[in-house]
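J.:
Numbering (our numbering), first residue to last: 1 to 448.
1) Give the C-beta separation of residue 391 and residue 378 to the nearest angstrom, bearing in mind that I take them to be a contact with Cβ-Cβ under 8 angstroms.
2) I'd like to confirm the pairing. Which residues does DSSP put opposite residue 72 in its beta bridges?
3) If residue 155 and residue 97 are in contact, beta carbons under 8 angstroms, what's the gap, nearest whole angstrom?
4) Any idea what DSSP makes of residue 158, helix, strand or coil?
5) Got a sec? Which residues, its chain only, sit under 6 angstroms from residue 380 by beta carbon, not counting five neighbours each side?
6) Go ahead and pull the three-state DSSP assignment for residue 144.
7) Tell me the rounded alpha-carbon separation between residue 445 and residue 46.
8) Mark residue 126 as exposed unless 16 or more other C-beta atoms lie within 10 angstroms of its C-beta, in which case mark it buried.
9) Using the C-alpha atoms, what's the distance from residue 49 back to residue 386?
10) Short of 7 angstroms in beta carbon distance, which residues of its chain neighbour residue 189, apart from the five on each side in sequence? Order them along the chain.
11) Beta strand (DSSP E) containing residue 445: first to last residue?
12) Give the DSSP-derived three-state secondary structure of residue 256 in the structure shown.
13) What's the gap between the Cα of residue 144 and the Cα of residue 75?
14) With distance defined between alpha-carbon atoms, name the residue in 139, 199, 218 and 210 nearest to residue 175.
15) Identify which residue in 316, 310 and 234 has its Cα closest to the Cα of residue 282.
16) Under the rule that 16 or more other beta-carbon atoms within 10 Å means buried, what is residue 430, buried or exposed?
17) Counting along the chain, where does the alpha helix (DSSP H) carrying residue 314 start and finish?
18) Taking 8 angstroms as the cut-off, decide whether the C-beta atoms of residue 314 and residue 288 are in contact.
19) Checking the sheet assignment: what are the DSSP bridge partners for residue 425?
20) Helix, strand or coil for residue 37, going by three-state DSSP, please let me know.
21) Can you pull the DSSP bridge partners for residue 194?
22) Considering only residues of the same chain and omitting the five flanking positions on each side of residue 262, which have a CB-CB separation below 6 angstroms?
23) Got a sec? Which residues, its chain only, sit under 6 angstroms from residue 16 by beta carbon, not counting five neighbours each side?
24) Quick check for students: name the residue ranges of the alpha helix (DSSP H) that lie wholly in the region 195-283, counting only runs of 4 or more.
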């Protein structure tokens, strides 16, 4: 059945508080935004009474829109993306504003200052390192990443190799890993403000989750725990802040948190409680990851789209654990997100684009400080791999062609204003709406 809509705009003056209860410093460079009006044509007004209405009230401000919500991930195996003119143009138009590097799990095996095959002599044979100073054409080296940021008018968020503190074979692996991170801060020379200590280190898929205690020289246990990570993170924070002070640059450092109260893995279940008890208020922001749908499930469209509001539960779980430990809530950063749905090409579909639009709106509403979708470019995998842009292995598709999610994220960012305002939907449970206002007067609304 066809339904008519009415979108009502309550155009009255509004004001908002300058306080930053959740986004905090992620709003320090917030700027007013003016819309670029698209071309339009007049259309005949539908006849008959509306059965569905969407009402927005620009006097009722929800929050300012943080530009770092629209972020994305670069990974090292996507090559020298900055050399592809059309790709750079598309990324620039999408305006992620912040791009994460060097990747997800490979961050735990990444040695930023080593050339290709210059293997560290103090890591186990089981570790397959990635190298940040490589000249291989298929790898995005550290300096390639900086060029990508420059060409797309983005800033970076860098994930340092925490796991080296676990599997390193030297007498002081924690100090050595922290020094490696601090050296990157020095090399960065003030270009990057946002830094992460590790990647999903509570997971058994991560290097350093378990180590060979017979090879370890500083008495670490076989399996990681939240308190051990917290203890090590304090060393990283001290070393990295000292390095930043040497170059007169202020950095913001995030720590890994687990986004749920319970898990099948006991390490994850009490990760936050143990970590917060040790680290206290030393970190600047909290990191969460989530791939909204169930792992390895052939989820249908209805199931996928119903997951968009999970971010509220992530926030509730992490903040509860922080407050219970006497730790001040810090901004939340969802530095990886996408869907796990497989076997029906969901990940490269229009449905995943719709899901992205819903997630962006919900993250703004939940006042996250930043978010980076996984990822800018990835393989085909019969439609079961992530990537805003394709790689050369997708049949009949030129490399770095935009996938549907590109258009959803581009137009969301372009036509969503600088302040989110309240909305109300009546007449249908099948519609979700997020509304905004621009500083030069117009209003922008996303309806899914």
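Quick reminder that beta carbons are idealized off the backbone N, C-alpha and C, glycines included.
T.: The short version:
1) By 1-based counting over the chain shown, the position of residue 391 is 391. By 1-based counting over the chain shown, the position of residue 378 is 378. With a Cβ gap of about 6 angstroms, residue 391 and residue 378 count as contacting.
2) Locating residue 72 in the chain shown gives position 72, counting from the first residue. Paired residues: 99 and 373.
3) Against the chain shown, residue 155 aligns to sequence position 155. Against the chain shown, residue 97 aligns to sequence position 97. With a Cβ gap of about 7 angstroms, residue 155 and residue 97 count as contacting.
4) Locating residue 158 in the chain shown gives position 158, counting from the first residue. Three-state result, residue 158: strand.
5) Your numbering for residue 380 matches position 380 in the chain shown. Only 393 and 394 meet the Cβ criterion.
6) The residue labelled residue 144 in the question sits at position 144 within the chain shown. It is helical.
7) Within the chain shown, residue 445 is the residue found at index 445, counting from 1. Within the chain shown, residue 46 is the residue found at index 46, counting from 1. One C-alpha to the other measures close to 20 angstroms.
8) Working through the chain shown from its first residue, we reach residue 126 at position 126. Exposed.
9) Along the chain shown, read from residue 1 onward, the residue named residue 386 stands at position 386. Along the chain shown, read from residue 1 onward, the residue named residue 49 stands at position 49. If I take the Cα positions, the gap works out to 42 angstroms.
10) Counting from one through the chain shown, the residue named residue 189 turns up at place 189. Counting only Cβ-Cβ distances below 7 angstroms, and skipping sequence neighbours, we find 247.
11) Your numbering for residue 445 matches position 445 in the chain shown. 443-447 is the extent of the beta strand (DSSP E) around residue 445.
12) In the chain shown, counting from the first residue as 1, residue 256 sits at position 256. Strand at residue 256.
13) Here residue 144 is taken as the residue at index 144 of the chain shown, counted from 1. Here residue 75 is taken as the residue at index 75 of the chain shown, counted from 1. Each residue's Cα considered, the two are about 11 angstroms apart.
14) Here the question's residue 175 lines up with position 175 in the chain shown. Nearest of 139, 199, 218 and 210 to residue 175, Cα basis: 218.
15) For the purposes of this step, residue 282 is taken as the residue at position 282 of the chain shown. Looking at the Cα atoms, 234 is the closest of the given residues.
16) What you label residue 430 is simply residue 430 of the chain shown in a count that begins at 1. So residue 430 ends up on the exposed side.
17) Numbered from 1 along the chain shown, position 314 holds the residue referred to as residue 314. From DSSP, the alpha helix (DSSP H) with residue 314 extends over 311-324.
18) Residue numbering aside, residue 314 sits at position 314 when the chain shown is read from its first letter. Residue numbering aside, residue 288 sits at position 288 when the chain shown is read from its first letter. It is a contact, given that the beta carbons lie within the stated cut-off.
19) Locating residue 425 in the chain shown gives position 425, counting from the first residue. Answer is 54.
20) By one-based count along the chain shown, residue 37 stands at place 37. Looking at residue 37 - three-state DSSP - the assignment turns out to be coil, as it is neither helix nor strand.
21) Taking the first residue of the chain shown as position 1, residue 194 is located at position 194. In DSSP, residue 194 forms a bridge with 157 and 252.
22) Residue numbering aside, residue 262 sits at position 262 when the chain shown is read from its first letter. Correct list, in chain order: 269.
23) Taking the chain shown and counting its residues from 1, one reaches residue 16 at position 16. Because residue 16 sits at a pLDDT of 30, beneath the cut-off of 50, its placement in the model cannot be relied upon, and the following sentence gives the value as read from the coordinates. The residues are 61.
24) 226-246, 266-269 and 271-279
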